[in-house]
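S.K.:
Number of protein chains: 2
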Amino acid sequence: MQNYPSKLLEQAVNELSRLPGIGRKTALRLALHLVRSQPSEVEKLGESLIRLRSEIRYCRECSNISDDEICSICADPRRDHGLVCVVETIRDVMAIENTGQFSGVYHVLGGIISPIEGIGPQDLHLEALLTRAGNGLIREVLLALPATIEGDTTNFFLYRKLLEFELKITTIARGISVGDELEHTDEVTLGRSILNRTPYESGMSRK
Amino acid sequence: MQNYPSKLLEQAVNELSRLPGIGRKTALRLALHLVRSQPSEVEKLGESLIRLRSEIRYCRECSNISDDEICSICADPRRDHGLVCVVETIRDVMAIENTGQFSGVYHVLGGIISPIEGIGPQDLHLEALLTRAGNGLIREVLLALPATIEGDTTNFFLYRKLLEFELKITTIARGISVGDELEHTDEVTLGRSILNRTPYESGMSRK
């Protein structure tokens, strides 16, 4: 039970502590920081959050978040529109973009099949992907879902759905992370990395 | 280097990551949470932060934050206005209020003397306290500053400043925290708790 010296402070703490991972103590610390900040700075923060929510859109093609109807990746003619990488979330798009290794476009599912969390195939954004596949615009679908049971289940479901189209279906490689030692790698990953061994290329480990 | 799929998202992440203790990863997580939230919720958050900063005031009497010119504590006729507790921050006011053990009013210094951080006596809010003391309105000043060298220095400075007025100067007790074991208490605290021993009262430890 906190006694707030000000209703304005209490409201701000209430609102901040609704955010994930922010408890009331952290919310109070943030609010008191804002009280001491420049009014113009606080206005910029508040307005950027409101604008983010009210003006953000989802790309009609890939469901990535976007400032426009089509996101900057889908709108880029230099990207390979025949190669579509299927990911769970917007964050995964950002993670893959940061590698600089992918030249295709994306499809954001918005979730993966998880019976425990009550997420079934009908909850995924799939239509736009199937439409693109049906129009013969896709040459290869690269499944880049989490290396979990839910990811595997979703991979299998998508594989079955995409079978009817003439396209190549691939998944990202699973193996030992760069920098990991064998003795600290779990058995399943180590086992798979042996089954899926690849031809040695000189200089490969530095890529 | 992040490639943000949206300028709006990038701006929100920039603004959020200016907050203390919030890095760019956390800021991104918060921003993407807001994208998925109800627009009305996000508006409430943004507006409460802007209002907090633009409408908050500092109590003319005690420098606590307040919705009005005089804070709710200073405006309360049931409080003992002859007993003034001097604290470093607004958070200390809240901490003491939460104990329910203090019936007087406060004075928020807004800092303590710290040569290392370049904070000298001239940086403290003192005038309102000295005015109140000069008007003969104060019977007792309770110094409730941190149990650090800076706190001790400030205590001594205030003691010297307040000597010219006819009032009692007290400090909060320093001793062993409730629940602490002797063997884990530092020597200075344990030593002081022996020097400052108090008469035994039955039921005291349960207070």
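These protein sequences, in sequence, are chains A and B. At position 3 of the first sequence the residue is numbered -9 (the working numbering), and the sequence of numbers has no breaks. At position 120 of the second sequence the residue is numbered 108 (the working numbering), and the sequence of numbers has no breaks. Glycine is no exception: its CB is placed at the ideal position from the N, C-alpha and C atoms. Treat the numbers as computed from the prediction; the structure is a model and nothing was measured.
1. Whole-angstrom Cβ separation of Val96(A) and Asn52(A), contact assumed at under 8 angstroms?
2. Using a C-beta cutoff of 7 angstroms, does Leu112(A) count as contacting chain B?
3. Taking 7 angstroms as the cut-off, decide whether the C-beta atoms of Thr117(A) and Thr159(A) are in contact.
4. Could you tell me which residues DSSP pairs with Val129(B) in its beta bridges?
5. Would you identify the three-state DSSP class for Tyr(-8)(B), choosing helix, strand or coil?
6. Could you check whether Leu(-4)(B) and Asp198(A) sit closer than 7 angstroms to each other, using their CB atoms as the reference points?
7. What first and last residue would you give for the alpha helix (DSSP H) that runs through Gly34(B)?
8. Considering Cα atoms alone, identify which of Glu105(B), Leu125(B), Leu22(B) is closest to Lys156(B).
9. Can you tell me whether Val93(A) is buried or exposed, with buried defined as 16 or more other CB within 10 angstroms of its CB?
10. Where does Gln89(A) land, buried or exposed, given buried means 16+ other C-beta within 10 angstroms?
11. What in chain A is Cβ-close to Asp80(B), meaning under 8 angstroms?
12. Taking three-plus beta-carbon pairs below 8 angstroms as touching, is the stretch 25 to 40 of chain B in contact with the stretch -2 to 8 of chain A?
13. Using alpha carbons as the reference points, say which of Arg48(A), Gln(-1)(A), Arg67(A) lies closest to Glu29(B).
14. From what residue to what residue does the alpha helix (DSSP H) around Tyr147(B) run?
15. For Val75(A) and Val129(A), which I take to be in contact (beta-carbon distance under 8 angstroms), what is that distance rounded to the nearest angstrom?
16. I'd like to confirm the pairing. Which residues does DSSP put opposite Ser165(B) in its beta bridges?
17. Report the rounded CA-to-CA distance for Ser165(A) versus Arg45(B), giving the unit in angstroms.
18. Less than 7 angstroms separating the beta-carbons of Ser91(A) and Asp64(A)?
19. Expressed to the nearest angstrom, what Euclidean distance is found between the alpha-carbon atoms of Tyr(-8)(B) and Ser(-6)(A)?
20. What runs of the alpha helix (DSSP H), each 4 residues or longer, lie entirely inside the stretch 74 to 109 of chain B?
21. Give the straight-line distance between the Cα atoms of Phe153(B) and Arg120(B), rounded to the nearest whole angstrom.
22. If the cut is a Cβ gap below 7 angstroms, which residues of chain A does Ile38(B) touch?
23. Would you mind working out which of Ile101(A), Glu43(A), Leu20(A) sits nearest Ile137(A), comparing C-alpha positions?
24. Counting only C-beta atoms, is Cys50(B) closer than 7 angstroms to chain A at any point?
25. Among the candidates Gly106(B), Thr173(B), Leu150(B), whose CA atom is the shortest distance from the CA of Gly225(B)?
26. Please go through the same chain and pick out, in chain order, the residues whose beta-carbon is closer than 8 angstroms to the beta-carbon of Tyr147(B), but skip the five residues on each side of it.
27. Residues bridged to Ile197(B) by DSSP?
28. Between Leu33(B) and Leu16(A), what straight-line distance do the alpha-carbon atoms span, to the nearest angstrom?
29. Rounded to whole angstroms, what is the Cα-Cα separation between Leu18(A) and Gly98(B)?
30. Interface residues of chain A around Lys(-5)(B) at Cβ under 8 angstroms?
31. What number of angstroms, rounded off, separates the C-alpha of Gly167(A) from the C-alpha of Thr173(A)?
32. Looking at the structure shown, is Asn123(B) part of a helix, part of a strand, or coil, going by DSSP?
33. Please name the residues in the stretch 3 to 15 of chain B whose beta-carbon is closer than 9 angstroms to at least one beta-carbon of chain A, in chain order.
34. With a cut-off of 8 angstroms on the beta carbons, I'd call Arg48(A) and Ile58(A) a contact; round off their distance for me.
35. Which two residues bound the contiguous alpha helix (DSSP H) that contains Ile61(B)?
36. Should Gly124(A) be flagged as near chain B, meaning a C-beta pair shorter than 7 angstroms?
M.R.: According to the structure shown:
1. Here residue 96(A) refers to the residue found at position 108 of the first sequence. Here residue 52(A) refers to the residue found at position 64 of the first sequence. Their Cβ separation, rounded to whole angstroms, is 5 angstroms, which keeps Val96(A) and Asn52(A) in contact under 8 angstroms.
2. Against the first sequence, residue 112(A) aligns to sequence position 124. Leu112(A) does not count as touching chain B.
3. Start at 1 with the first residue of the first sequence, and residue 117(A) comes out as number 129. Start at 1 with the first residue of the first sequence, and residue 159(A) comes out as number 171. In the sequence on display, residue 117(A) carries Leu and not Thr. Contact flag unset, no.
4. As a first step, residue 129(B) must be located in the second sequence, where it is residue number 141. Answer is Val72(B), Ile157(B), bridged to Val129(B).
5. The count along the second sequence starts at 1 and reaches residue -8(B) at position 4. Residue state, collapsed to three classes: coil.
6. Nothing can be reported for residue 198(A), as the shown portion of chain A is limited to -11 through 195.
7. Translated into the one-based positions of the second sequence, residue 34(B) becomes position 46. 27 to 43 is the span of the alpha helix (DSSP H), which, as asked, contains Gly34(B).
8. In the second sequence, the residue the question calls residue 156(B) occupies position 168. Among Glu105(B), Leu125(B), Leu22(B), the Cα nearest to that of Lys156(B) belongs to Leu125(B).
9. What you label residue 93(A) is simply residue 105 of the first sequence in a count that begins at 1. It counts as buried.
10. Looking up residue 89(A) in the first sequence gives position 101. Its Cβ having fewer than 16 others within 10 Å, Gln89(A) is exposed.
11. In the second sequence, the residue the question calls residue 80(B) occupies position 92. The contacting residues do not exist; Asp80(B) stays about 11 angstroms from chain A at best.
12. yes
13. To locate residue 29(B), count along the second sequence from 1; it is residue 41. Of the candidates Arg48(A), Gln(-1)(A), Arg67(A), the one whose C-alpha sits nearest the C-alpha of Glu29(B) is Gln(-1)(A).
14. As a first step, residue 147(B) is located in the second sequence; it is residue number 159 there, counting from the start. Looking at the DSSP string, the run of the alpha helix (DSSP H) that includes Tyr147(B) is 137 to 150.
15. Numbered from 1 along the first sequence, position 87 holds the residue referred to as residue 75(A). Numbered from 1 along the first sequence, position 141 holds the residue referred to as residue 129(A). Their Cβ separation, rounded to whole angstroms, is 11 angstroms, which puts Val75(A) and Val129(A) out of contact at 8 angstroms.
16. Numbered from 1 along the second sequence, position 177 holds the residue referred to as residue 165(B). According to DSSP, which records beta bridges pairwise, Ser165(B) is partnered with nothing at all.
17. Mapped onto the first sequence, residue 165(A) falls at position 177. Mapped onto the second sequence, residue 45(B) falls at position 57. Rounded to the nearest angstrom, the two C-alpha atoms are 54 angstroms apart.
18. As a working note, residue 91(A) is residue 103 in the first sequence. As a working note, residue 64(A) is residue 76 in the first sequence. Not closer than 7 angstroms, so no.
19. In the second sequence, residue -8(B) corresponds to position 4, counting from 1. In the first sequence, residue -6(A) corresponds to position 6, counting from 1. Rounded to whole angstroms, Tyr(-8)(B) to Ser(-6)(A) spans 37 angstroms at the Cα level.
20. 78 to 87
21. For the purposes of this step, residue 153(B) is identified with residue 165 of the second sequence, where counting begins at 1. For the purposes of this step, residue 120(B) is identified with residue 132 of the second sequence, where counting begins at 1. Phe153(B) and Arg120(B) have their C-alpha atoms spaced approximately 10 angstroms apart.
22. Start at 1 with the first residue of the second sequence, and residue 38(B) comes out as number 50. Those within 7 angstroms of Ile38(B) in chain A are Val30, Glu31, Gly34.
23. Numbered from its first residue, the first sequence carries residue 137(A) at position 149. Of Ile101(A), Glu43(A), Leu20(A), the residue nearest in Cα terms is Ile101(A).
24. Against the second sequence, residue 50(B) aligns to sequence position 62. So no, Cys50(B) is outside the interface.
25. Outside the shown range of chain B (-11 to 195) lies residue 225(B), about which nothing can therefore be said.
26. In the second sequence, counting from the first residue as 1, residue 147(B) sits at position 159. Cβ within range, chain order: Leu131, Ile157.
27. What the structure shows of chain B is the stretch from -11 to 195, and residue 197(B) is not part of that stretch, so it cannot be assessed.
28. Mapped onto the second sequence, residue 33(B) falls at position 45. Mapped onto the first sequence, residue 16(A) falls at position 28. The straight-line gap from Cα to Cα measures roughly 14 angstroms.
29. Here the question's residue 18(A) lines up with position 30 in the first sequence. Here the question's residue 98(B) lines up with position 110 in the second sequence. Each residue's Cα considered, the two are about 17 angstroms apart.
30. Along the second sequence, read from residue 1 onward, the residue named residue -5(B) stands at position 7. By Cβ distance, chain A contributes Asp55.
31. Counting from one through the first sequence, the residue named residue 167(A) turns up at place 179. Counting from one through the first sequence, the residue named residue 173(A) turns up at place 185. Roughly 11 angstroms separates the two Cα atoms.
32. Within the second sequence, numbered from 1, the residue matching residue 123(B) stands at position 135. Three-state DSSP puts Asn123(B) in coil, outside helix and strand.
33. Glu3, Leu4, Arg6, Leu7, Pro8, Gly9, Ile10, Thr14
34. On the first sequence, position 60 is the one that residue 48(A) refers to. On the first sequence, position 70 is the one that residue 58(A) refers to. Right, the Cβ-Cβ distance comes to about 6 angstroms (below 8 angstroms), so this counts as a contact.
35. Counting from one through the second sequence, the residue named residue 61(B) turns up at place 73. First-last for Ile61(B): undefined, no H or E at that position.
36. Along the first sequence, one-based indexing puts residue 124(A) at 136. Not closer than 7 angstroms to any Cβ of chain B, the Cβ of Gly124(A) fails to qualify, so no.
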